[in-house]
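The sequence shown begins at 585 in the numbering used here and counts up by one. No residue lacks a Cβ here, since even glycine has one placed at the ideal position from N, Cα and C. What follows is a set of notes on a single structure, which appears directly below.
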Amino acid sequence: MADLLIELFSEEIPAGLQAPAAQNLKKLMTNGMVEAGLTYANASAFHTARRLTLVVEDLLEASPTVQEERKGPKVGAPEQAISGFLRGAGLSMDDLEVRDDKKGQVYFAKITKPGRPASEIVAEVLETTIRNFPWPKSMRWGSGSLRWVRPLQSILCILSNEAEVSIVPLEVDGFQAGNQTRGHRFMAPDAFAVSGFEDYDTKLKRAKVILRAEERQAAIWQEAQTQAFALGYSVVEDAGLLAEVAGLVEWPVVLMGQIDEEFLDLPPEVLKTSMKEHQKFFSVANPKTGRIERFVTVANIEAADQGATILKGNQKVLAARLADAKFFWENDLREAKAGMGTWQTALENVTFHNKLGSQAARIKRIAALARDLAPLVGADPDMAEQAALVAKADLSSEMVYEFPELQGLMGRYYAAKAGMSAEIAAACEAHYSPLGPSDDVPTAPVSVAVALADKLDTLTGFWAIDEKPTGSKDPFAMRRAALGVIRLILDNNLTLPLADQLTAADAGAGAADLLGFFQDRLKTYLRDRGIRHDVIDACSAMPQSDDLALLVKRAEALQGALATDDGENLIQGFKRANNILSQAEEKDGVEYSFGADLKYAEDEAEKLLFAALDAADKRIQSAMATQDFAAAMAAMATLRGPIDAFFEAVKINADSALVRRNRLNLLSRIRTTCLSVADLTKVEG
């Protein structure tokens, strides 16, 4: 057994590409080696800004010799077919065997593939991997043909065991594989040799390179928190930024700087966004005031002046960036205090979609729809309409133009500065939500009205112009909008029949089709919450299925009933009754829905079933009237025993035609009673 160590050393790899590239290196190498017969015990990939590393443990030192038996053409086949078989197998006629087969005598060949040394296989697979590496973007440099994300500088590739270390013989576009690497670009730039992974890892750390990304992240976060805590501050968590910064440095040095006083009154979100997007700085907050007052930057070098010069330069650049943000903020505030009319007018010249008009036209539609929805969600119609009219005004602001991710949030600030109510200001921010399955759902009535109107307008508009999602393509995020509507309705327990709303929102002739799209999204959402797909189908087939909150209550109650022995067994009884009845109706050419008469009941079990149906019908009707689906399901489940007893005691196809018809009509009552709660024909089992 041997251990394999590979390092592909290059100029700085973009931070977001490092982790996927390391995994691709691992996948391509291990798959290629296994296909060639080299098995291994474990493989691990690592990445820094300048290197992709792979270590493979307990690799076979040679692939095994393999014998393969290959079936050829029949004896007597055309000479051309036999010759082709011999060429493919690399054999002569003397090497073939003749055996009896179902179709007669057939030629068979035994092919021996000798094993190959690991170094030969690794070299072959690694060259293929390097030349065909799946970078999203790559570049070519110099006179070579090799393409890499950034100029490749060296290849380390060694096999080691207890006895020796050997360099894998490999050359790719002039890069000869070796046993050397380099440390930190500035603090340890000289090359050094390694004898295996442990030696490599240890020497890299001495050369100011932390190989493991998670170790770099932990070091950054711990030191940042320590420095902030010492001054009575706290670092604002940002996992994405932490991962990105850890990919920018090989030896992280955490430095804390101060934001100039003149910028501290900017909204904290503006400070955080500007520092993150432009400088890759972490925000540091004063826990007493909530203000962002300091920042953390991560250098890639231990400076002689403990980072003073680095901090000074960073603060100078940051001040310039924040001066721009302050300029935008102050200009926007003047417009906001003037009522935001100029912004709203500007949206008349912004096209939402060439078939759906401008943003201003869309806003008017949303406002009208929000006004209609307001009574249904407990909001004031005037306030909902006003909120919708200003909710997207910040799209014209300078701040949102610079930082599009702040749309909505800046709208809340500007609406408040314009003297609008807290409800309207909140709706400006919240109406985009929920943006995903884990995003918070607005609960304030005005926010809910505007959020629903925004999403329904998107869905009905694109549906009307036949821009529907297809397969994995959803350029207008309609699945997300539909899920947003579903969550708004369910989380706020709204009674909101969608058919009426889709018609009101002008979905065109496709309103019914769009309702089906909603129900498909609801199925996916409910399946993720553990509700069976057949239960959802059974409830979706019932009247008022466009009332999503009602549908979910029914589905939850049915699933609860099916979880009991009585509920599960009732399904079997119902299906037996329905199957017998359907066959009889098809045979007789009549639908048995005339009503069964107790006076024709001959057996005690038959009479008890009449009584049980009467009692269940009464309880079910009462429960359904109050939408108490759990009670309705429980009442339905009480029929399990009487139905089982009926089938055990009674022959449906009685000798008397009158008794037979009466019993079939009694089965019809079972079907009608059960189907009044849910379409049990769609329940599996």
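Please list, in chain order, all residues of the same chain as TYR1184 whose beta carbon is under 7 angstroms from its beta carbon, the five residues on each side excluded.
LEU1242, VAL1243, ASN1246.
Skipping 5 residues on each side, what residues in its chain have a beta carbon closer than 8 angstroms to that of TRP719?
These residues qualify, in order along the chain: LEU601, ALA605, ARG731, TRP732, VAL733.
Using beta-carbon positions only, say whether LEU795 and PHE630 come within less than 8 angstroms of one another.
In contact: LEU795 and PHE630 (Cβ atoms closer than 8 angstroms).
Tell me whether ILE1049 is buried or exposed, calling it buried when 16 or more other Cβ atoms sit within 10 Å of its Cβ.
The residue in question, ILE1049, is exposed, as its Cβ has fewer than 16 Cβ neighbours within 10 Å.
May I ask you to list the residues that DSSP assigns as paired with LEU743?
Looking at the DSSP assignment, LEU743 forms a beta bridge with LEU588, SER750.
Exposed or buried, which one is TRP835 when buried takes at least 16 other CB atoms within 10 Å?
Burial call: buried.
Give the secondary structure of GLY962 by DSSP, where H, G and I count as helix, E and B as strand, and everything else as coil.
Coil at GLY962, not helix or strand.
When the Cα of ALA1145 is compared with those of VAL1119, GLU1190, MET1126, GLY1055, which residue comes out closest?
Closest by alpha carbon: VAL1119.
Within the same chain, show all residues whose beta-carbon is closer than 6 angstroms to that of THR614, passing over the 5 residues directly before and after it, in chain order.
Here the set comprises ALA627.
Using beta-carbon positions only, say whether ALA1133 and PHE1213 come within less than 8 angstroms of one another.
No, they are not a contact pair.
For ASP916 versus SER981, is the C-beta spacing smaller than 8 angstroms?
In this structure, SER981 lies closer than 8 angstroms to ASP916 by Cβ.
Distance, Cα to Cα, THR935 vs LYS976?
Answer to the nearest angstrom: the Cα atoms are 14 angstroms apart.
On the criterion of 16 or more Cβ atoms from any shown chain inside 10 Å, does VAL650 qualify as buried, or is it exposed?
It is exposed - the Cβ of VAL650 has fewer than 16 other Cβ atoms within 10 Å.
Measuring straight from C-alpha to C-alpha, what distance separates SER865 and ALA808?
It is worth fixing the name first, because residue 865 is Phe in this sequence and not Ser. Going by the C-alpha atoms only, they are around 11 angstroms apart.
Mind checking TRP725: buried by the 16 CB within 10 Å criterion, or exposed?
Per the 10 Å Cβ criterion, exposed.
Suppose contacts are defined by Cβ-Cβ distances below 8 angstroms. Is LYS860 in contact with LEU825 by that definition?
Contact: yes.
Using a Cβ-Cβ cut-off of 7 angstroms (strictly less than) and excluding sequence neighbours within five positions of GLN991, which residues of its own chain qualify?
Counting only Cβ-Cβ distances below 7 angstroms, and skipping sequence neighbours, we find ASP978, LEU979, VAL984.
Does the beta-carbon distance from SER744 to ASP587 come in below 8 angstroms?
Yes; because the gap between Cβ atoms is below 8 angstroms, this pair is in contact.
What's the gap between the Cα of LYS686 and the Cα of GLU653?
Their Cα atoms are separated by approximately 17 angstroms.
Is it buried or exposed, ARG634, if we count other Cβ atoms within 10 angstroms and call 16 or more buried?
ARG634 comes out buried.
Per DSSP, what kind of secondary structure is MET1062 in: helix, strand or coil?
In this structure, MET1062 counts as helix in the three-state DSSP scheme.
Looking at C-alpha atoms only, which residue of ILE1008, ALA646, LYS1159 is the closest neighbour of ALA1033?
The shortest Cα separation from ALA1033 among ILE1008, ALA646, LYS1159 belongs to ILE1008.
How would you write the range of the beta strand (DSSP E) that ASN626 sits in, first residue to last?
Start and end: 626–631.
Considering only the alpha carbon of each residue, which of TYR1016, GLU1170, THR1054, GLY621 lies closest to LEU1040?
Comparing Cα-Cα distances from LEU1040 to each of TYR1016, GLU1170, THR1054, GLY621, the minimum goes to TYR1016.
How many angstroms separate the CA atom of GLN1167 from the CA atom of LEU1251?
Approximately 12 angstroms, taken between the alpha carbons.
By DSSP, does LYS1356 sit in helix, in strand, or in coil?
Residue 1356 lies beyond the range of the chain shown here (585 to 1269); nothing can be said about it.
Below 7 angstroms CB to CB, which residues in the same chain sit around LYS856 once its five sequence neighbours on both sides are set aside?
Excluding residues within five positions, the ones whose Cβ falls inside 7 angstroms are VAL820, SER867, ILE876.
So, using beta-carbon positions, are MET840 and ARG800 closer together than 8 angstroms?
Against a cut-off of 8 angstroms, the Cβ pair of ARG800 and MET840 comes out as no contact.
Would you verify that the beta carbon of LEU1040 is, or is not, closer than 8 angstroms to some beta carbon of chain B?
The question asks about chain B, but that chain is absent: this structure has only one protein chain.
Straight-line CA distance for GLN760 to ALA707?
Rounded to the nearest angstrom, the two C-alpha atoms are 11 angstroms apart.
Would LEU1072 and LEU1165 be called neighbours here (beta carbons separated by less than 8 angstroms)?
Going by C-beta atoms, LEU1072 is not nearer than 8 angstroms to LEU1165.
On the three-state DSSP scale, how would you describe LEU1078?
LEU1078 falls in the coil class under three-state DSSP.
Which partner residues of VAL640 appear in the DSSP bridge assignment?
Paired residue(s): LEU588, ALA627.
In the DSSP assignment, find the unbroken alpha helix (DSSP H) run with THR707 in it and report its ends.
Sequence inspection shows Ala at residue 707; the Thr mentioned does not correspond to that position. That run of the alpha helix (DSSP H) goes 702–715.
With respect to the beta strand (DSSP E) encompassing ALA777, which residues constitute its N-terminal and C-terminal limits?
Its beta strand (DSSP E) spans residues 775–777.
Specify the secondary structure class of LYS655 as computed by DSSP and reduced to three states.
Looking at LYS655 - three-state DSSP - the assignment turns out to be strand.
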